[in-house]
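J.: Encoded as structure tokens, here's the structure I'll be asking about.
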Amino acid sequence: MALKDLVTSCSGFVLACLLAITLQIFLFSPISPVSLKLPPLSSSSLLPKNNILQRVIKLGDGLLLKPEDVALDKEGTLYTATRDGWIKRLHRNGSCQNWKNLNSHTLLGITITNEGDVVVCDVDQGLLKVTENGVTVLSSHVNGSKIRFADDVIEASDGSLYFSVASTKFGLHNWYLDVLEAKPHGQLLKFDPLSNETSILLDGLGFANGVAVSKDQDFLVVCETWKFRCLRYWLKGDKRGKTEIFVENLPGAPDNINLAPDGSFWIALLQLTSDGMEFVHSSRAAKHLIATSGKFVELVNGVHKKATVVNVGTDGKIIKKLEDPNARVMSFVTSAVEFEDHLYLGSLQNNFVGKLPLNVA
Ligand SMILES: [Ca+2]
Ligand SMILES: [Ca+2]
1 MALKDLVTSC
11 SGFVLACLLA
21 ITLQIFLFSP
31 ISPVSLKLPP
41 LSSSSLLPKN
51 NILQRVIKLG
61 DGLLLKPEDV
71 ALDKEGTLYT
81 ATRDGWIKRL
91 HRNGSCQNWK
101 NLNSHTLLGI
111 TITNEGDVVV
121 CDVDQGLLKV
131 TENGVTVLSS
141 HVNGSKIRFA
151 DDVIEASDGS
161 LYFSVASTKF
171 GLHNWYLDVL
181 EAKPHGQLLK
191 FDPLSNETSI
201 LLDGLGFANG
211 VAVSKDQDFL
221 VVCETWKFRC
231 LRYWLKGDKR
241 GKTEIFVENL
251 PGAPDNINLA
261 PDGSFWIALL
271 QLTSDGMEFV
281 HSSRAAKHLI
291 ATSGKFVELV
301 NGVHKKATVV
311 NVGTDGKIIK
321 KLEDPNARVM
331 SFVTSAVEFE
341 DHLYLGSLQN
351 NFVGKLPLNV
361 A
């Protein structure tokens with residue numbers, strides 16, 4: 001065979017292989033992606049860089065496996081749901097108690113009701129109530145469909161429970177595919193404890209995550225993680241039932257949100273993308289390729305690279321930003337709760353709850 005023929009047949013073979021791989025990627029891709037618009041770079045530079053989150057005291061170090069969300073009752077007992085299925089309590093005297101085991105690896109948002117019961121989101125089962133006497137499923141279906149990926153919950157003063165569904169398409173273990181697909185599969189739901197009914201308030205949200213009710217109970221805020229924004233949903237007044245943007249172009253992707261005692265909000269922000277990988281979000285082909293392998297997803301996903309929380313006023317303006325810019329002490333911080341001049345920080349990476357005195361922040 002002449003050299004020229006050999007080169008021709010070899011390059012033909014390479015081309016055929018490339019075509020086969022490309023077809024494979026597109027045919028077996030678990031996503032049908034669209035382009036995702038990232039917030040302008042300027043949104044991160046508005047507030048000075050700092051390393052304040054490196055000053056946290058570690059509570060329950062090694063005993064609290066990736067405590068995604070935290071809640072405190074009126075007495076100051078801290079509750080958190082950990083990856084080993086426990087609802088754990090941290091008492092004021094510093095002791096850590098394995099309180100209730102829910103036999104689930106997918107417990108996320110947690111809140112304490114006015115009556116002192118614990119309500120927690122379970123990705124697999126829906127909304128659960130936990131008391132000294134045991135566990136009850138409050139809500140597992142909406143409009144005849146099973147609720148998947150319940151993410152965060154808050155109680156309003158009338159006893160209604162508002163909770164988010166991050167994605168009706170993807171699960172907790174492959175949540176980043178929802179980011180890559182960039183199509184809105186999130187919902188805001190309401191559970192009415194009088195009728196025991198669950199209804200959909202908002203549909204088509206971009207990974208619905210943290211939910212908080214305002215101090216005056218006149219609106220709630222729901223965060224859309226990969227839209228880098230949170231929405232305001234009016235509960236009272238002329239705009240009741242209407243939705244508007246509360247804050248947008250956040251310098252990170254919002255996870256949980258919590259009301260602060262002064263009426264402002266603490267929002268945990270995720271670094272959604274590793275530095276230098278931002279191009280992925282504008283390329284459908286790159287997204288298909290990344291989605292075929294967990295290793296590729298890890299390369300693009302930047303959540304372990306830093307920790308950020310912001311304090312946002314009722315007007316939606318950022319008041320303060322606190323960071324661990326290089327993940328030296330904390331990363332993948334998913335929640336921040338203020339109680340008695342301290343901030344309590346949950347994370348899906350660290351095995352403790354961070355406690356930060358706010359007078360140093
Ligand atoms: Ca919460
Ligand atoms: Ca969350």
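Under full-length UniProt numbering, the residue at position 192 of the sequence shown is numbered 192, and the numbers go up by one with no gaps.
C-beta: ideal position from N, C-alpha, C; glycine also.
Being a predicted model, the structure only gives us computed values, none of them experimental.
1. Leu102 and Ile87 look like a contact to me (Cβ under 8 angstroms); what is the Cβ gap, rounded to whole Å?
2. Could you tell me which uninterrupted alpha helix (DSSP H) segments, each at least 4 residues in length, are contained entirely in the segment 312-343, listed from first to last along the chain?
3. Check the DSSP bridge columns for residue 362 and list the partner residues they point to.
4. List the DSSP bridge partners of Ile245.
5. Mind checking whether the beta-carbon of Thr111 lies closer than 8 angstroms to any heavy atom of ligand 2?
6. Within the continuous alpha helix (DSSP H) that includes Arg284, where are the two ends?
7. Using 8 angstroms as the cut-off, classify the Cβ of Asp61 as near or not near the heavy atoms of ligand 2, replying yes or no.
8. By the DSSP assignment, the alpha helix (DSSP H) with Asp178 in it spans what residues?
9. Please tell me whether Ser9 and His288 are closer than 9 angstroms, where the distance is taken between their beta carbons.
10. Can you tell me whether Ile114 sits near ligand 1, meaning its C-beta is under 8 angstroms from at least one heavy atom of the ligand?
11. Which residue comes first and which comes last in the alpha helix (DSSP H) that contains Val297?
12. On a Cα-Cα basis, can you pick out the residue from Ser282, His304, Glu298, Pro261 that is closest to Val337?
13. Shorter than 8 angstroms, the distance from the beta carbon of Thr82 to the closest heavy atom of ligand 2, or not?
14. Grab me the residues of Gly116's own chain with a C-beta within less than 7 angstroms of its C-beta, minus the 5 sequence neighbours each way, in chain order.
15. Asp324 and Asn51: beta carbons closer than 9 angstroms?
16. In whole angstroms, what separates the C-alpha of Phe219 from that of His105?
17. Going by beta carbon distance, what residues of the same chain come within less than 6 angstroms of Leu57, once the five residues before and after it are set aside?
18. Shortest alpha-carbon distance to Lys66 belongs to which of Gly237, Thr334, Leu41, His342?
19. Should Val70 and Leu345 be called a contact, given that it needs their Cβ atoms to be closer than 9 angstroms?
T.: The relevant details are as follows:
1. Looking up residue 102 in the sequence shown gives position 102. Looking up residue 87 in the sequence shown gives position 87. The pair is a contact, with the Cβ atoms about 7 angstroms apart (cut-off 8 angstroms).
2. none
3. Nothing about residue 362 can be reported from this structure: the residues present for the chain run from 1 to 361 only.
4. One-based indexing of the sequence shown puts residue 245 at position 245. Per DSSP, Leu231.
5. Within the sequence shown, numbered from 1, the residue matching residue 111 stands at position 111. Outside the cutoff, so no.
6. As a working mapping, residue 284 is identified with position 284 in the sequence shown. 284-291 is the span of the alpha helix (DSSP H), which, as asked, contains Arg284.
7. Walking along the sequence shown from the start, residue 61 turns up at place 61. Asp61: no, Cβ never under 8 angstroms from ligand 2.
8. Along the sequence shown, one-based indexing puts residue 178 at 178. Run containing Asp178: 175-181, per the alpha helix (DSSP H) assignment.
9. For the purposes of this step, residue 9 is taken as the residue at position 9 of the sequence shown. For the purposes of this step, residue 288 is taken as the residue at position 288 of the sequence shown. Contact flag unset, no.
10. The count along the sequence shown starts at 1 and reaches residue 114 at position 114. Per the sequence presented here, residue 114 reads as Asn, with Ile not at that position. For ligand 1, not one heavy atom lies less than 8 angstroms from the Cβ of Asn114.
11. The residue labelled residue 297 in the question sits at position 297 within the sequence shown. Val297 -> alpha helix (DSSP H) spans 294-300.
12. In the sequence shown, residue 337 corresponds to position 337, counting from 1. If we check each option's Cα against that of Val337, Pro261 comes out closest.
13. As a first step, residue 82 must be located in the sequence shown, where it is residue number 82. Every heavy atom of ligand 2 is 8 angstroms or more from the Cβ of Thr82, so no.
14. Against the sequence shown, residue 116 aligns to sequence position 116. These residues qualify, in order along the chain: Asp73.
15. As a working mapping, residue 324 is identified with position 324 in the sequence shown. As a working mapping, residue 51 is identified with position 51 in the sequence shown. It is a contact, given that the beta carbons lie within the stated cut-off.
16. By 1-based counting over the sequence shown, the position of residue 219 is 219. By 1-based counting over the sequence shown, the position of residue 105 is 105. Each residue's Cα considered, the two are about 32 angstroms apart.
17. The sequence position of residue 57 within the sequence shown is 57, counting from 1. A small correction: the amino acid at residue 57 is Ile; Leu does not occupy that position in the sequence shown. If the five residues before and after Ile57 are omitted, its C-beta is found closer than 6 angstroms to the C-beta atoms of Lys355, all from its own chain and listed in chain order.
18. As a first step, residue 66 is located in the sequence shown; it is residue number 66 there, counting from the start. Answer by Cα proximity: Thr334.
19. Here residue 70 refers to the residue found at position 70 of the sequence shown. Here residue 345 refers to the residue found at position 345 of the sequence shown. Contact: yes.
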